Amino acid sequence: MIYPVYVHPGDARHAHGVIVPDFPGCFSAADEWDQIPAMVQEAVEVYCEGEDMDLPEPTPLDVLMQDEQYQDGVWLLVDIDTSRLDTRPTRVNVSLPRGLAAQMDRYAKAHGMTRSGLIRSAVNEVLAHSS
1 MIYPVYVHPG DARHAHGVIV PDFPGCFSAA DEWDQIPAMV QEAVEVYCEG EDMDLPEPTP
61 LDVLMQDEQY QDGVWLLVDI DTSRLDTRPT RVNVSLPRGL AAQMDRYAKA HGMTRSGLIR
121 SAVNEVLAHS S
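Okay, structure coming up:
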């Protein structure tokens, strides 16, 4: 599906910043223009991973171009492979020490998260740093 993405052009010292408006809070960066589609695909996959959500329809580009927050960059249309987006949650049983579960719950509550959201975030962080 073709989605509009907003690009803040970079320079020799800064990557191109990329925002995917139809997925609020979804962003990425790329050093080269030709890397942008792959980086957008990856960012949207991570954004949707484990989320129980319907995929948004692309917002018409002419609507987004009127938004004042998108003024000093350029627009690209990127074909996002939605078949790679799995937004259905999967139930997983995990056994943890009771004290650890209590710590998780306190942390999650203090940060406006659920237990599942905290686990998902922690696992994503570990996987992002394991190459």
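The C-terminal position of the sequence shown is numbered 131 in the numbering used here, with every residue numbered one higher than the one before it. Even glycine gets a Cβ: it sits at the ideal position worked out from N, Cα and C. A quick note: this is a predicted structure, and the numbers were derived from the prediction, not measured.
query: VAL18: buried (16+ other C-beta within 10 angstroms of its C-beta) or exposed?
result: For the purposes of this step, residue 18 is identified with residue 18 of the sequence shown, where counting begins at 1. With 16 or more Cβ atoms within 10 Å of its Cβ, VAL18 is classed as buried.
task: Using beta-carbon positions only, say whether ASP160 and GLN35 come within less than 8 Å of one another.
output: The requested residue 160 is not part of the displayed model; the chain covers only 1 to 131.
query: Quick one: Cα of TYR107 to Cα of MET53, how far?
result: As a working note, residue 107 is residue 107 in the sequence shown. As a working note, residue 53 is residue 53 in the sequence shown. Looking at the two C-alpha atoms, the distance is approximately 25 Å.
query: What residue from PRO9, ASN124, GLU125 has the CA that sits closest to TYR70's CA?
result: Your numbering for residue 70 matches position 70 in the sequence shown. Per the Cα distances, PRO9.
Proximity to ALA29 [Cα-Cα], best of LEU64, HIS14, PHE23: In the sequence shown, residue 29 corresponds to position 29, counting from 1. Measuring C-alpha to C-alpha distances from ALA29 to each of LEU64, HIS14, PHE23 identifies HIS14 as the nearest.
query: Can you give the Cα-Cα distance for VAL92 and LEU100, rounded to whole angstroms?
result: If you number the sequence shown from 1, residue 92 lands on position 92. If you number the sequence shown from 1, residue 100 lands on position 100. Near 17 Å, if we compare the C-alpha coordinates of LEU100 and VAL92.
message: Can you tell me which residues form a DSSP beta bridge with LEU77?
response: Your numbering for residue 77 matches position 77 in the sequence shown. Answer is PRO4, bridged to LEU77.
query: Going by the CB atoms, is the gap between VAL123 and VAL74 shorter than 8 Å?
result: Locating residue 74 in the sequence shown gives position 74, where the first residue counts as 1. Locating residue 123 in the sequence shown gives position 123, where the first residue counts as 1. Going by C-beta atoms, VAL74 is not nearer than 8 Å to VAL123.
field: Start and end residues, alpha helix (DSSP H) containing VAL20
entry: In the sequence shown, residue 20 corresponds to position 20, counting from 1. Per DSSP, VAL20 lies in no alpha helix (DSSP H) segment and is marked neither H nor E.
- prompt: Nearest chain C C-beta to ARG106 closer than 8 Å, yes or no?
  reply: Among the chains in the structure shown there is no chain C, since it carries only a single protein chain.
- prompt: Leaving out five residues before and five after LEU118 in sequence, what residues of the same chain have Cβ atoms less than 8 Å from its Cβ?
  reply: Counted from its first residue, the sequence shown places residue 118 at position 118. Excluding positions up to five away in sequence, the list reads MET104, TYR107, ALA108, HIS111.
4 or more residues per run - each alpha helix (DSSP H) lying fully within the segment 49–129: Here the runs fully enclosed are 61–64, 98–110, 115–128.
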